[in-house]
Amino acid sequence: MSIRYKIDILAELKKIGYSSTRIREEKLIGQSYLQQLRHGELVSWKTLDTICSLLECQPADLIEYVKDEE
Numbered sequence: 001m002s003i004r005y006k007i008d009i010l011a012e013l014k015k016i017g018y019s020s021t022r023i024r025e026e027k028l029i030g031q032s033y034l035q036q037l038r039h040g041e042l043v044s045w046k047t048l049d050t051i052c053s054l055l056e057c058q059p060a061d062l063i064e065y066v067k068d069e070e
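Here the sequence shown is numbered in the working numbering, starting from 1 and rising by one per residue.
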């Protein structure tokens, strides 16, 4: 995969008071997307938008492009 997360998003959310339980209860991010984040899989643009809003950051602060080795 050429695009990956720069940071542990769930850990950063937890630092500002958004545990997985709170995220689910407030219906901020769906359970399937939380699982994808746990496994380092990419999520939807809408989910990235929500994460950026909560962390007050830009998408480039969360993801990066890494060139595949041939």
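Ideal placement from N, C-alpha and C gives every residue a C-beta, glycine not left out.
Only a predicted model underlies this, so the values are computations on that prediction, with no experimental measurement involved.
- Straight through space, the alpha carbons of D68 and L28 are spaced by roughly 33 Å.
- For E25, the three-state secondary structure derived from DSSP is helix.
- For L55, the closest alpha carbon among the candidates D8, Q35, I3 is that of D8.
- Only residues of its own chain outside the window of five on either side were considered, and among them none has a CB closer than 7 Å to the CB of S53.
- Looking at the DSSP output, E64 sits in a beta bridge with R4.
- Ranked by Cα distance from K46, the first of G40, Q35, P59, H39 is P59.
- Just measuring C-alpha positions, the residue of I63, T50, L34 sitting nearest R24 is L34.
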